[in-house]
Amino acid sequence: MDKKPLLEVRNLKKYFDKTRGLFAKEKKFLHAVDDISFDIYKGETFGLVGESGCGKSTTGRTIVKLYEPTDGQIIFDGVDLASVPEKEMLPYRRKIQMIFQDPYASLNARMTVTDIIAEGIVTHKLYKDHDNPEKAIQDRIYELLESVGLKKEHASRYPHEFSGGQRQRIGIARALAVNPDLIICDEPISALDVSIQAQVVNMLEDFQKEFGLTYLFIAHDLSMVKYISDRIGVMYLGKLMEVATSDELYETPLHPYTKALLSSIPLPDPEHEDKGKRIVLQGDVPSPINPKDRCRFATRCNYSKILVENDGSDFKQQIVGKYARETVIDHERHHAIVEENQYITEEIADMIIDFGVDKIYINRSKCFSEEPKLEEYKKDHFTACHFTKEIEEGTIK
Amino acid sequence: MADLNFKKVAKEDKQDIEQTRRSLTYWQDVWRRLKNNKSSMVGLVGVIFIVLLAVVGPWLTPYDYSDQQSDFSNLPPRLDIREVGDKTFYVTRVYRLLELQDGRVVDRFADLDTNVVDKINHHAKEIILPINVETTQTYALPSSVTLGADEYYSEKWGIALGDTTYSFGDDAVEVVYIHPDSPFQNVEFEGSPYDVNESGYFAELTLVDNYGEANAEDAAYDFDHGAENLITALEDATFVEEIRFYGEEVIVDYSYGLMNDNMVPDGYEDVNLTIEYQGEENKYVTDTIHNKIFLLGSDTQGRDILTRVLYGARISLIVALIATVVNFIIGVTYGAVAGYLGGNWDNFMMRVVDIINSIPLVLWVILLMVVLREVVIDIEIAGRTYVIFRGTSGLGTIAIALGTVYWVAMARLVRGQVIGLKEQEFVLAARTIGVSNAKIISRHLIPNALGPIIVSMAMMIPAAVFTEAFLSFIGLGVSAPQASLGTLANNALSGFQSYPYKLFFPAAMIALMMLAFNFLGDGLRDALDPRLRKG
């Protein structure tokens, strides 16, 4: 693998305007992809993982400019696609192709397999100089069908006559038809049976070797991503949390979110299964609409809270002016003394002490006031956390 | 006992046998489902039948939609005939006496004037005069006799003829005077000798084909004044072989229908009218036969209702077809573009649709009628001029009115479909490939929305037929002499109680068209329903 980036994504942002009504006071933006940067080197597979709704697919679609990026650069082979106007995109469209998640929705039911695969060839006029373009296209389609494991006879059929796995193969043939350099695989296997998943993934690997393809592999299946990817980026709420090589990430995850994510992989070995290593995240993913200026993971991170114990004199001083991490409820009177993320005033602090609370979690202020940047902690290992060093050294828990 | 032992199979047998079956395309599948639906097949057959009738039908009838035969006006499809002696008569509601043979009219007698009591007894005469003489002398009109405005005298034959007050387009004249020495004088008329002063008597003189050697036939057919031309013809004739008068007396007495109950003689209680001929008297309708000249009857102007209904169906279908095609082209394009572009474009285009949708159809048609009244568009092809639009006919205006308003529903439907489809991954895939927007709309979006589009169009045809009929019915549509089904129904309204058949047939045609298209549309909807079919 040479170290030449094929695709450089720089500070890519994609906001969706969710403002409803003509006279809304405040504009609402869904920050689907919020300032992410990464490189994909030629010939490698870059995995992008994260839970549902974290912006993985949006990232992929923005790179092929199915969505117009709000800000940032998508430098492909030295050209910033973000600044190329739509009308001049055609030559670049050939170079970046996409494989879609749902094999049932990604093929036009009214077109034959031939029409589906030939569409790209015809659009880009790949055989216009050929003596007999129609024959050349037909031969090319047969060749593609055979290389994805289908038969010539399938060319004249309609998509509904195929199984999910076969359809996904047609989708791959369609992407390959225009000889792309980069293929964005948007969860290409998550809708398939496990047995078919392996076949498709192996096929994708074979094509990578054969044609020198570069993949951006979007998935939520962590073990499959580890298997296929050279490097992996972990996304959470539109932000990249950690980028590292595949092995490095799985062996020594740095970011608390990555740790939690990896701990959720079910192990097939009952000996190692669930030895208290499982990190269960509390709460839900916060809303991506107009997110606050803080670490995106702070609300669910185990390291972003500080335990303050009432051991005598300075308990009050420690908690006044901070934000409570959890709600303290007076069950007898059915009201909350302090609510989650509420600012603790002197008055509230007194009430907490009066109520007899002897320990309380408060928010770590840096996590809640400042956005961490994606920084290189080790060689080729980037993470976005204020306290990576401290966590690694074990100074904070 | 079955053989339970497994056997080793040869290697080539282990190969999967490729299942070969004829694969159905989407449309083959739709057709298969449509065929299984009985009511929609009935609808399809009905539609084909109606379209054939409308296209071919008007050429198969012997009449044109505007042919008028006013002496055969208001003939119902079934005729109540009265048989007297060897003749068959039909009395119309305005007391016109028609002589029939095999359901066809062979002779027509004068209208009876119900207002003049004196004329209650109608005497029509036919006398065949074999005047086989060369006339050598002339008979000058005596100075004591003066002729009226439309009366003419032939000195050669000594007979004066006058135009009758009614005109059938052919020769119906009245003998007003016969010279005492005329060869006609030898003829015994029924009753007293012919007296010109007695207006109760008159005879119809009919020219038969062989009435004279002179080429008077052309003259006779082409006249405005029957008497004048007949006289000219008689003057030109050197030899008259036969002149035909209505001879034998037919007495129509409809006084019984007008009498008070206590005046009616015994045996005539429920008699409306009597016909007396050759001494026989007919009191009742003896038979009901099919009208063989107008299968579905004739209207007030004596036009064939069958021809007009077929022609009306043709016009209704033309209007529906134009409305649907315009609807398809504008509605689908507009809706697809609005849905695909989305955002502010979609908002703007849909508000335009809302505005168009808020125009009341009737008002719109009236406005168009006023504006387009003077407009005539014609094109010249190879020296001949073809009028493609004439504002006064109403047909083009209705088609324009429906075409400009009806696409709105289609645009909304297509927009909804396209909005749902454009986020589908196959559209994203096409965009990733770099397919142009126009091609994405035409190759990906519209074909996938075609099911609902076709259903909507199939449902729009009966709606357009009905709207056209409605507009014509209230007098805004196709104008005379052209007839749409709505116009026919409207015309039939005035005499509805006396001539219900005039309303029945156009109404039945509208109902049949609506039923057939609706059945077919329902079947198509079931066959194309996207909820039943995925992928």
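Same order as they appear, the protein sequences are chains A and B. The first sequence runs 899 to 1295 under the working numbering. The second sequence runs 2 to 536 under the working numbering. Note that beta-carbon positions come from the ideal geometry of N, C-alpha and C, so glycine has one too. The model shown is predicted, which means the values in this text are computed figures rather than measured ones.
Checklist entry - Under the DSSP definition of a beta bridge, which residues are partnered with A1142 of chain A? => result A:I1130
Checklist entry - Where in the segment 356 to 390 of chain B do unbroken runs of the alpha helix (DSSP H), each at least 4 residues long, occur, reported from the N-terminal end onward? => result 362 to 373
Checklist entry - Does DSSP put I1258 of chain A in a helix, in a strand, or in coil? => result strand
Checklist entry - What residues from chain B crowd round H1079 of chain A, counting only those whose CB sits closer than 9 Å? => result Going by the sequence as given, residue 1079 of chain A is Asp instead of His. In chain order: nothing, as chain B lies at least about 14 Å away.
Checklist entry - Among A:D969, A:S981, A:Y990, A:I1068, which has the Cα closest to the Cα of D975 of chain A? => result A:Y990
Item to check | CB contact check: Y341 of chain B to chain A, cutoff 8 Å | outcome: no
Checklist entry - Nearest to A1075 of chain A by CA position, among A:R1129, A:M996, A:D1256, is which residue? => result A:M996
Item to check | Pairwise C-alpha distance: S1093 of chain A and I1217 of chain A | outcome: 55 Å
Checklist entry - Quick one, which residues of the segment 1004 to 1016 of chain A are near chain B if we go by CB-CB under 7 Å, in chain order? => result S1004, L1005, N1006, A1007, R1008
Item to check | Given I1289 of chain A as reference, the closest of A:C1265, A:K1276, A:P1154, A:E1244 once Cα atoms are compared | outcome: A:P1154
Next on the checklist: By the three-class DSSP mapping on this structure, what secondary structure does N1030 of chain A have?
Outcome noted: coil
Checklist entry - Which first and last residues belong to the beta strand (DSSP E) in which K1203 of chain A is found? => result 1203 to 1207
Checklist entry - Residues in its own chain within less than 6 Å of F190 of chain B by CB, not counting five upstream and five downstream? => result Below a pLDDT of 50, predicted positions are generally treated as unreliable, and F190 of chain B, at 37, falls in that range; no measurement from the model is reported.
Checklist entry - What is the DSSP secondary structure of A517 of chain B, counted as helix, strand or coil? => result helix
Checklist entry - By how many angstroms is the C-alpha of E1149 of chain A removed from the C-alpha of E1108 of chain A? => result 30 Å
Item to check | CB contact flag (G58 of chain B, L516 of chain B, <8 Å) | outcome: no
Item to check | Status (buried if at least 16 other CB within 10 Å, exposed otherwise) for R413 of chain B | outcome: buried
Checklist entry - At a Cβ cut of 7 Å, what residues of the segment 432 to 466 of chain B count as close to chain A, listed as they run along the chain? => result R432, T433, I434, G435, V436, H445, P448, N449
Item to check | For S394 of chain B, three-class secondary structure by DSSP | outcome: helix
Next on the checklist: What would DSSP say about A1222 of chain A, mapped onto helix, strand or coil?
Outcome noted: strand
Checklist entry - When you compare only the Cα positions, how much space is there between V333 of chain B and P463 of chain B? => result 19 Å
Next on the checklist: In the DSSP assignment, the beta strand (DSSP E) including T1281 of chain A goes from what residue to what residue?
Outcome noted: 1279 to 1281
Item to check | Span of the alpha helix (DSSP H), counted from its first residue to its last, around E1245 of chain A | outcome: 1244 to 1253
Next on the checklist: With DSSP as the reference, identify every bridge partner of E1238 of chain A, one or two as the case may be.
Outcome noted: Note: E1238 of chain A sits in no beta bridge, so no partner.
Next on the checklist: With a threshold of 6 Å on Cβ separation, who are the neighbours of W408 of chain B within its own chain once the five nearest residues in sequence on each side are excluded?
Outcome noted: N328, I331, G332
Checklist entry - Can the beta-carbon of K923 of chain A be found less than 8 Å from the beta-carbon of Y965 of chain A? => result no
Next on the checklist: Helix, strand or coil for K1023 of chain A? Go by DSSP, reduced to three states.
Outcome noted: coil
Next on the checklist: Measuring only the C-alpha atoms, how far is S299 of chain B from T308 of chain B?
Outcome noted: 10 Å
Item to check | the segment 411 to 433 of chain B: positions lying closer than 7 Å to chain A by Cβ | outcome: Q425, E426, F427, L429, A430, A431, R432, T433
Checklist entry - CB N1261 of chain A to CB N1239 of chain A, shorter than 8 Å? => result yes
Checklist entry - Is F944 of chain A closer than 8 Å to F1115 of chain A when the C-beta atoms are compared? => result yes
Checklist entry - What residue range is occupied by the uninterrupted beta strand (DSSP E) comprising V85 of chain B? => result 79 to 85
Next on the checklist: With three or more beta-carbon pairs closer than 8 Å as the criterion, would you say the segment 469 to 488 of chain B touches the segment 391 to 399 of chain B?
Outcome noted: yes
Next on the checklist: Rounded to the nearest angstrom, what separates D119 of chain B and I276 of chain B at their Cα positions?
Outcome noted: Confidence in D119 of chain B is poor, its pLDDT being 32 and thus under 50, which makes the residue's placement unreliable; the coordinate value appears in the next sentence. Spanning the two alpha carbons is a distance of roughly 17 Å.
Checklist entry - Candidates B:D68, B:Q102, B:A484, B:R97: which alpha carbon is nearest T89 of chain B's? => result B:Q102
Checklist entry - For chain B, is any of its Cβ atoms less than 8 Å away from the one on T960 of chain A? => result no
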